[in-house]
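**Student:** Got a structure for you, written out below as structure tokens; questions coming shortly.
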Amino acid sequence: MKNLILTASLALLLLSSSFSQAKTVEALIQECLFSAIKTADKQKTLQEIETLCEQEIVRKELGTKQLGAISERIIKERKSAFNPYVITPHKMNYILPATLTDNINQDAYSEVSGWSDNFKDVEAKFQLSIKVPLATGDIFTRGDQFFFGFTLESWWQLYAEAISRPFRETNYQPEFFYITPLNWHPFDTNTGVIFGFEHQSNGRSQLLSRSWNRAYVNFLFEKNNFALSFKPWFRIPEDEKESSISATGDDNPNIHHYMGHFELGLAYDLNDKYELSMKLRQNFTKHHGAVELGFTFPLWGKLRGYAQYFNGYGESLIDYNHKQQRIGFGIALTDIL
0 MKNLILTASL ALLLLSSSFS QAKTVEALIQ ECLFSAIKTA DKQKTLQEIE TLCEQEIVRK
60 ELGTKQLGAI SERIIKERKS AFNPYVITPH KMNYILPATL TDNINQDAYS EVSGWSDNFK
120 DVEAKFQLSI KVPLATGDIF TRGDQFFFGF TLESWWQLYA EAISRPFRET NYQPEFFYIT
180 PLNWHPFDTN TGVIFGFEHQ SNGRSQLLSR SWNRAYVNFL FEKNNFALSF KPWFRIPEDE
240 KESSISATGD DNPNIHHYMG HFELGLAYDL NDKYELSMKL RQNFTKHHGA VELGFTFPLW
300 GKLRGYAQYF NGYGESLIDY NHKQQRIGFG IALTDIL
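Mind the numbering: the sequence shown is residues 0 to 336 in numbering that gives the first Met the number 0, read in order.
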């Protein structure tokens, strides 16, 4: 309860997005405390009085009944966003020392001599994702923000000794995005929207090259410990390649047939200990899609265990038209919520 109260009070400070507003909010809390102490029931503790003041200010300033999981994460991030010693996570960060697939993609590497025949069905996988705020204070609306994000995801043939344990595939995803809360609360939810542009590629050349560019809108909904996102996108067209080994042109013209046109994300935080997540993609015309399930749980200290299951197309760019099932176990460095 205490953590929830502190989070609620910080919401005013951080969602206002400016230092001058932060001082005003703190002054409001102090004024409320002085007034409440004079009239409060003598049986109430100072913490209880402070709690009442924070709750009152939250109701007045935010116009919402309760903060949800996304808001709480944003609040925590904004406390340290401009601290030079703190790296702010974007998407989930994790290390899976062992993942097992039922259908390793050998066809894509058929031109690389000796590689595909020596691939192992067990490999390591990891994802590192950070973001940097590019503006301070309100831009267009109260509480909005503008970011640069970067995500690196890699599949490592750690157990393929015969081919010197290469990184089979690495995807790089820089993006710019703008996020703003919405004054819309259906069924007592909080809502927001993200507008973004992202580039994704695997840094390869010629026959192994894969890349695409997308503009997207991401609608966010939260209620208590539950969060939902709906992210449709538009693929920015590219010119056709003059030949399969040309350095310019579209590396994968039919990628939308397999990756679809949207992603639906769900996440639920259970008692601040366990987190369940799901991502869905689908192209209803081609009947191609994918599902990814995640589960994090406490191990010891700050370390959290992470289990991931994937089924479908496009786990990586090189596998965009390749269907497989994969399950992996490892450590989550950060949660989604």
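Virtual Cβ for every residue (Gly too), placed ideally from N, Cα, C. What you are looking at is a predicted structure, and each value in this text was computed from that prediction instead of being measured.
List the residues that DSSP assigns as beta-bridge partners of MET258.
**Tutor:** The residue labelled residue 258 in the question sits at position 259 within the sequence shown. Answer is none; MET258 lacks a bridge partner.
**Student:** For LEU61, which of helix, strand or coil comes out of DSSP?
**Tutor:** Taking the first residue of the sequence shown as 1, we reach residue 61 at position 62. Low per-residue confidence applies at LEU61: pLDDT is 48, beneath 50, and the placement is therefore not dependable, though the value from the model is reported in the following sentence. Of the three classes helix, strand and coil, the one that applies to LEU61 here is helix, per DSSP.
**Student:** Based on Cα-Cα distance, which residue from PHE225, SER228 and ASN253 lies nearest to ILE235?
**Tutor:** Against the sequence shown, residue 235 aligns to sequence position 236. Taking each of PHE225, SER228 and ASN253 in turn and checking the Cα distance to ILE235, the smallest one comes out for ASN253.
**Student:** Is the stretch 288 to 308 touching the stretch 151 to 159, taking contact as three or more C-beta pairs under 8 Å?
**Tutor:** These segments do not touch.
**Student:** Check whether the Cβ of LYS119 sits closer than 7 Å to any heavy atom of the ligand MG, and report yes or no.
**Tutor:** Inclusion of the ligand MG in the displayed structure is not the case, the ligand content being empty and no account of it being possible.
**Student:** So what does DSSP say about THR333, is it helix, strand or coil?
**Tutor:** Sequence index remark: in the sequence shown, residue 333 carries index 334 (1-based). DSSP places THR333 in strand when its eight states are reduced to three.
**Student:** Which of the three DSSP states is assigned to PHE81 in this structure?
**Tutor:** Position 82 of the sequence shown holds residue 81. It is coil, neither helix nor strand.
**Student:** Keeping to the same chain, check which residues put their C-beta closer than 7 Å to that of ASN251; ignore five residues upstream and five downstream.
**Tutor:** Along the sequence shown, read from residue 1 onward, the residue named residue 251 stands at position 252. So the qualifying residues of the chain are ARG209, TRP211 and TYR319.
**Student:** When DSSP labels each residue in this structure, what does GLN20 get in the three-state scheme?
**Tutor:** Reading the sequence shown from its first residue, position 21 is the one you call residue 20. Low local confidence applies: a pLDDT of 43 at GLN20 is under 50, so the model's placement there is unreliable, and no value is given.
**Student:** Mapping DSSP to helix, strand and coil, what is LEU32?
**Tutor:** Indexing the sequence shown from 1 puts residue 32 at position 33. Correct three-state label for LEU32: helix.
**Student:** Got a sec, what are the start and stop residues for the beta strand (DSSP E) GLU168 sits in?
**Tutor:** For this step, residue 168 is matched to residue 169 along the sequence shown. According to the DSSP assignment, GLU168 belongs to the beta strand (DSSP E) that extends over 166 to 181.
**Student:** Excluding the 5 residues flanking ASN224 on each side, which residues of the same chain have their C-beta closer than 8 Å to its C-beta?
**Tutor:** As a working note, residue 224 is residue 225 in the sequence shown. Closer than 8 Å at the Cβ level, and outside the excluded window around ASN224, lie GLY67, ALA68, TYR267, ASP268, LEU269 and LEU336.
**Student:** Where does TYR312 sit, in a helix, a strand or coil, going by DSSP?
**Tutor:** Translated into the one-based positions of the sequence shown, residue 312 becomes position 313. Reduced to three states, the DSSP call for TYR312 is strand.
**Student:** In whole angstroms, give me the CA-to-CA distance for VAL121 and HIS255.
**Tutor:** Here residue 121 corresponds to residue number 122 of the sequence shown, with the count starting at 1. Here residue 255 corresponds to residue number 256 of the sequence shown, with the count starting at 1. Here the alpha carbons of HIS255 and VAL121 stand approximately 28 Å from one another.
**Student:** Using a Cβ-Cβ cutoff of less than 8 Å, which residues in the same chain neighbour ALA159 once the five nearest sequence positions on both sides are dropped?
**Tutor:** As a position in the sequence shown, residue 159 is number 160, starting the count at 1. Result list for ALA159: ASN117, PHE118, LYS119, GLU122 and PRO165, in chain order.
**Student:** From the DSSP output, in three-state form, read off ILE48 for me.
**Tutor:** The residue you call residue 48 lines up with position 49 of the sequence shown. In the structure shown, ILE48 adopts helical secondary structure according to DSSP, grouped into three states.
**Student:** What first and last residue would you give for the beta strand (DSSP E) that runs through ARG280?
**Tutor:** Residue 280 sits at position 281 when you count from the first residue of the sequence shown. Looking at the DSSP string, the run of the beta strand (DSSP E) that includes ARG280 is 273 to 282.
**Student:** Got a sec? Which residues, its chain only, sit under 8 Å from ARG72 by beta carbon, not counting five neighbours each side?
**Tutor:** As a position in the sequence shown, residue 72 is number 73, starting the count at 1. Here the set comprises LEU336.
**Student:** DSSP puts LEU95 in a beta bridge; with which residues?
**Tutor:** Taking the first residue of the sequence shown as 1, we reach residue 95 at position 96. Answer is LYS124, bridged to LEU95.
**Student:** Between PHE194 and PRO231, how many whole angstroms is the CB-CB distance? I'm expecting something under 8 Å.
**Tutor:** Here residue 194 is taken as the residue at index 195 of the sequence shown, counted from 1. Here residue 231 is taken as the residue at index 232 of the sequence shown, counted from 1. Actually they do not touch by this definition, with Cβ atoms about 12 Å apart.
**Student:** Taking only three categories from DSSP, how would you classify PHE296?
**Tutor:** In the sequence shown, counting from the first residue as 1, residue 296 sits at position 297. In the structure shown, PHE296 sits in a strand (DSSP, three-state: E or B).
**Student:** From what residue to what residue does the beta strand (DSSP E) around ARG234 run?
**Tutor:** On the sequence shown, position 235 is the one that residue 234 refers to. Looking at the DSSP string, the run of the beta strand (DSSP E) that includes ARG234 is 225 to 234.
**Student:** Candidates PHE218, ALA306, ASP137 and TRP114: which alpha carbon is nearest LEU181's?
**Tutor:** Here the question's residue 181 lines up with position 182 in the sequence shown. Ranked by how close their Cα comes to the Cα of LEU181, the residues PHE218, ALA306, ASP137 and TRP114 have PHE218 in first place.
**Student:** For ILE178, which option in ALA161, GLY148, TYR257 and GLY288 has the closest C-alpha, if you only look at C-alpha atoms?
**Tutor:** For this step, residue 178 is matched to residue 179 along the sequence shown. Answer by Cα proximity: GLY148.
**Student:** Classify ASN102 as helix, strand or coil using the three-state DSSP reduction.
**Tutor:** Here residue 102 is taken as the residue at index 103 of the sequence shown, counted from 1. Coil.
**Student:** Figure out for me which residue from ARG303, PHE146 and ALA289 has the closest Cα to the Cα of ASP334.
**Tutor:** One-based indexing of the sequence shown puts residue 334 at position 335. Comparing Cα positions, the closest option is ARG303.
**Student:** Identify every residue that forms a DSSP beta bridge with ILE217.
**Tutor:** The sequence position of residue 217 within the sequence shown is 218, counting from 1. Looking at the sequence provided, one finds Asn at residue 217 rather than Ile. For ASN217, DSSP records a beta bridge to ILE193.
**Student:** In angstroms, rounded to a whole number, what distance separates the CA positions of GLU197 and ALA35?
**Tutor:** To locate residue 197, count along the sequence shown from 1; it is residue 198. To locate residue 35, count along the sequence shown from 1; it is residue 36. For GLU197 and ALA35, the distance between alpha carbons rounds to 50 Å.
**Student:** Just verifying my parser: in three-state terms, what is the DSSP assignment at TYR305?
**Tutor:** The residue given as residue 305 occupies position 306 in the sequence shown. DSSP places TYR305 in strand when its eight states are reduced to three.
**Student:** How would you call LYS285, buried or exposed, if buried means at least 16 neighbouring beta carbons within 10 angstroms?
**Tutor:** Here residue 285 refers to the residue found at position 286 of the sequence shown. Looking at its Cβ environment, which holds fewer than 16 other Cβ atoms inside 10 Å, LYS285 is exposed.
**Student:** Quick one: is ALA10 buried, meaning 16 or more other Cβ sit within 10 Å of its Cβ, or exposed?
**Tutor:** Taking the sequence shown and counting its residues from 1, the one referred to as residue 10 is at position 11. Note that ALA10 scores 41 on pLDDT, short of 50, meaning its location in the model is unreliable and no value can be drawn from it.
**Student:** Determine the burial state of ASN104: buried for a count of at least 16 other Cβ atoms within 10 Å of its Cβ, exposed for fewer.
**Tutor:** Locating residue 104 in the sequence shown gives position 105, where the first residue counts as 1. The residue is buried, with at least 16 neighbouring Cβ atoms inside 10 Å.
**Student:** Have a look at ARG325, ILE48 and LYS43 and flag the residue whose alpha-carbon is nearest the alpha-carbon of LEU32.
**Tutor:** Working through the sequence shown from its first residue, we reach residue 32 at position 33. Considering only alpha carbons, the answer is ILE48.
**Student:** Hey, would you say SER315 sits closer than 8 Å to GLY293, going by beta carbons?
**Tutor:** By one-based count along the sequence shown, residue 315 stands at place 316. By one-based count along the sequence shown, residue 293 stands at place 294. No.
**Student:** Please say whether THR98 and LYS130 have beta carbons closer to each other than 8 Å?
**Tutor:** Translated into positions along the sequence shown, residue 130 becomes position 131. Translated into positions along the sequence shown, residue 98 becomes position 99. Not a contact, by the Cβ cut-off of 8 Å.
**Student:** Would SER228 be called buried (16 or more neighbouring beta carbons within 10 Å of its own) or exposed?
**Tutor:** The residue you call residue 228 lines up with position 229 of the sequence shown. Buried, because 16 or more other Cβ atoms sit within 10 Å of the Cβ of SER228.
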